[in-house]
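S.K.: Quick note on the UniProt record's numbering: the sequence shown kicks off at 1 and runs consecutively.
Glycine residues also receive a C-beta, built at the ideal position from the N, C-alpha and C atoms.
Computed from a predicted structure; not experimentally measured.
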Amino acid sequence: MNDRISQKEELEVLESIYPDILYVEGEHKISLRFRADIKLSIFLPDRYPSEEPPIYELSGPSLKAQERMCIQNVLNDSYAANIGMPVLFTWITAISDYLEVILFATLNKEVQEFATESDSIVLVSGNTKNAGINDLSLPEIKHGKVFTDRKSHFQAHLARIHHKEQYCNASHFYPRQHDCEDDGETGASSRMLELLNKMGAENVMVVVTRWYGGIHLGPDRFRIINNLTREIVAEHGLDIRL
Numbered sequence: 001m002n003d004r005i006s007q008k009e010e011l012e013v014l015e016s017i018y019p020d021i022l023y024v025e026g027e028h029k030i031s032l033r034f035r036a037d038i039k040l041s042i043f044l045p046d047r048y049p050s051e052e053p054p055i056y057e058l059s060g061p062s063l064k065a066q067e068r069m070c071i072q073n074v075l076n077d078s079y080a081a082n083i084g085m086p087v088l089f090t091w092i093t094a095i096s097d098y099l100e101v102i103l104f105a106t107l108n109k110e111v112q113e114f115a116t117e118s119d120s121i122v123l124v125s126g127n128t129k130n131a132g133i134n135d136l137s138l139p140e141i142k143h144g145k146v147f148t149d150r151k152s153h154f155q156a157h158l159a160r161i162h163h164k165e166q167y168c169n170a171s172h173f174y175p176r177q178h179d180c181e182d183d184g185e186t187g188a189s190s191r192m193l194e195l196l197n198k199m200g201a202e203n204v205m206v207v208v209t210r211w212y213g214g215i216h217l218g219p220d221r222f223r224i225i226n227n228l229t230r231e232i233v234a235e236h237g238l239d240i241r242l
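What follows is the structure, encoded as structure tokens:
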């Protein structure tokens, strides 16, 4: 088969599989955006795939030197194992899998640091403007399982709150008590509040964290956030309907 025809057919298939990350930038050039700052630009030579490999350029400011080298090794090894055959699908899959490993490692580290910090911080006694909070410990935070949908990772966290001083604002979380203030996902908090009210969950704080994977989920993200909220509240016996 003519190489250019083979390239055209390969790109048509990839565009149907990866419409959210693949961009055609020229007759023989495409780019793949795996995350906001990770981009792989690929040029297809005249004799690819029969005799020449694709020419790529990896851009990723957030990648460490070792991570960048690992991705390059993955690409080179994948081509070496598939000489004379279309390799772009293999490349996309290999990079996606490797980035998943990095993301999960980062996620687990952040969760552990968050849990350790939450468990170790105590408000010490001393001069304070708020009477009644001396020696008030921060609440124990329970963590739900990580849920993954199209490379976005969600996790719910729960704490019992009995004093307003125990509530700490968290960046990029969806915090809910008896108030509505969106942080990161417009409309998510009001849905969480409505659900907590229906469940009769009192004196409880629920936080749902999302690590964005580069693929838009649309309204599904609200369903996921609500499902994780419902699950963690029920798991800890705070749903009065059960």
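Spatial neighbours of ILE150 within its chain, please: CB distance less than 7 angstroms, with the 5 preceding and 5 following residues excluded, ordered by chain position.
M.R.: Here residue 150 refers to the residue found at position 150 when the sequence shown is read from its first residue. Before going further, note that residue 150 is Arg rather than Ile in the sequence given. So the list reads GLY213, ILE215, LEU217, once near-sequence residues are dropped.
S.K.: Measure the alpha-carbon distance for THR148 versus PHE154 and round it to whole angstroms.
M.R.: For the purposes of this step, residue 148 is taken as the residue at position 148 of the sequence shown. For the purposes of this step, residue 154 is taken as the residue at position 154 of the sequence shown. So the two alpha carbons sit approximately 6 angstroms from each other.
S.K.: Helix, strand or coil: which one does DSSP assign to GLU100?
M.R.: Against the sequence shown, residue 100 aligns to sequence position 100. If DSSP states are grouped into helix, strand and coil, GLU100 belongs with the helices.
S.K.: According to DSSP, which residues form a beta bridge with ALA156?
M.R.: By one-based count along the sequence shown, residue 156 stands at place 156. DSSP, once it has assigned bridges, lists VAL208 as partnering ALA156.
S.K.: Rounded to a whole number of angstroms, what is the C-alpha to C-alpha distance between TYR23 and ILE30?
M.R.: In the sequence shown, the residue the question calls residue 23 occupies position 23. In the sequence shown, the residue the question calls residue 30 occupies position 30. The straight-line gap from Cα to Cα measures roughly 6 angstroms.
S.K.: With 16 as the cutoff for other CB atoms within 10 Å, does PRO49 come out buried or exposed?
M.R.: Taking the sequence shown and counting its residues from 1, one reaches residue 49 at position 49. It counts as buried.
S.K.: Rounding to the nearest angstrom, what Cα-Cα distance links THR229 and SER16 in this structure?
M.R.: Counted from its first residue, the sequence shown places residue 229 at position 229. Counted from its first residue, the sequence shown places residue 16 at position 16. Approximately 34 angstroms between the Cα atoms of the pair.
S.K.: List the residues that DSSP assigns as beta-bridge partners of TYR23.
M.R.: In the sequence shown, the residue the question calls residue 23 occupies position 23. TYR23 is bridged to SER31.
S.K.: What are the boundary residues of the beta strand (DSSP E) that residue 245 is part of?
M.R.: Residue coverage of the chain in this structure runs from 1 to 242, which leaves residue 245 outside it and unanswerable.
S.K.: May I ask which residues mark the beginning and end of the alpha helix (DSSP H) holding ILE224?
M.R.: Stepping through the sequence shown from its first residue, residue 224 is reached at position 224. First-last of the alpha helix (DSSP H) with ILE224: 220 to 235.
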